[in-house]
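Novice:
Residue numbers (the working numbering): 266 to 459.
(1) Could you tell me whether the stretch 291 to 311 touches the stretch 353 to 368, where touching means 3 or more Cβ pairs closer than 8 Å?
(2) Residue 458: buried (16+ other C-beta within 10 angstroms of its C-beta) or exposed?
(3) Using the Cα positions of residue 370 and residue 431, report the straight-line distance between them to the nearest angstrom.
(4) Three or more beta-carbon pairs under 8 Å between the stretch 437 to 448 and the stretch 395 to 415, yes or no?
(5) Ends of the alpha helix (DSSP H) at residue 364?
(6) Quick check on DSSP: helix, strand or coil for residue 427?
(7) Look up residue 386 in the DSSP assignment and say whether it is helix, strand or coil.
(8) Examine the Cβ distances between the stretch 387 to 400 and the stretch 324 to 343 and report whether three or more of them are shorter than 8 Å.
Quick look at the structure:
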């Protein structure tokens, strides 16, 4: 038996999915531009051209270049797998999480500087929103590493140590790799073994 009925296919559009793809293109283009030359000109028109989108579309996604860099950093942090070895010591688990977040851009110096500079701004509502999301993700990772029953004061101290470390890296006092090693020492002082 055959039917003469006509089937209509409706394609559903997922605006979130489209935004994610656009953001990935923009993030990739920004990273490539910073990596390509010693004095990159990462302006809205240049970035839009590199990402192959209209400048107006870029501005619709990101109100400023700093907002774009802040969101790029957020995307990198969120993409990190959250793996906590419950057989390891608390100190090792916390150090592992802090090291992973700290080294997220260690090999992309110019991009890391641009992202950290953006995250240090306090005059842009779009960046403030992203800062809150990053802080929540850092807190989630540290909480998972500490496990249940951890003192809130210990969690707050570890968060402060992490954000202070990023500030020191931004001031060029240390590299990300040096800071990761220093964070290990700081964690050992906050969470002694045994």
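Just so you know, even glycine gets a beta-carbon here, dropped at the ideal spot from N, CA and C.
Predicted model, so just to flag it, every value in this text is computed and none were measured.
Specialist: According to the data block:
(1) no
(2) exposed
(3) 12 Å
(4) no
(5) 355 to 367
(6) helix
(7) coil
(8) yes
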